[in-house]
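**Q** Numbering (my numbering), first residue to last: 185 to 266. Right, I'll just put the structure down here and ask away after.
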Amino acid sequence: MSLAQRPIAAAAFAEEATGAGWKTVPSWYQIARHDNALSPQAQRFMAERMGATTEEVDGSHVAFIAQPRRTAGLIKAALSKL
185 MSLAQRPIAA AAFAEEATGA GWKTVPSWYQ IARHDNALSP QAQRFMAERM
235 GATTEEVDGS HVAFIAQPRR TAGLIKAALS KL
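In structure tokens:
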């Protein structure tokens, strides 16, 4: 994964959003309790702000790679609600 990862484009900080999908579309969020890249507290704040259904997992920033079954379960649960 690290070989394929590129730096974020500067345009990502300058583009204006036309709307926030999370305001009108149901959201789900998997919080990684041991994430050192994006603190779990920040993740909880963002998930709460968007009204997301959350699931917390014991994992790092790439918990979805380390725990694919948990992630797939969250995705399946989200699909069942749509």
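Cβ atoms here follow ideal geometry from the backbone N, Cα and C, with glycine treated the same way. Note that the coordinates shown come from a computational prediction; the quantities given were computed from them, not determined experimentally.
#1: For Gln227, name the three-state secondary structure that DSSP assigns.
#2: Check this for me: beta carbons of Lys265 and Thr238, under 9 Å apart or not?
#3: Give me the Cα-Cα distance between Met230 and Pro210, rounded to the nearest whole angstrom.
#4: Gly257: which of Gly203, Leu187, Trp206 and Tyr213 sits nearest, CA to CA?
#5: Taking Cβ to Cβ, would you say Gly243 is nearer than 9 Å to Asp219?
**A** In this structure, then:
#1: The three-state reading of DSSP puts Gln227 in helix, counting H, G and I together.
#2: Cβ distance not < 9 Å, so Lys265 and Thr238 don't count as in contact.
#3: Met230 and Pro210 have their alpha carbons spaced roughly 14 Å apart.
#4: For Gly257, the closest C-alpha among the options Gly203, Leu187, Trp206 and Tyr213 is that of Tyr213.
#5: Against a cut-off of 9 Å, the Cβ pair of Asp219 and Gly243 comes out as a contact.
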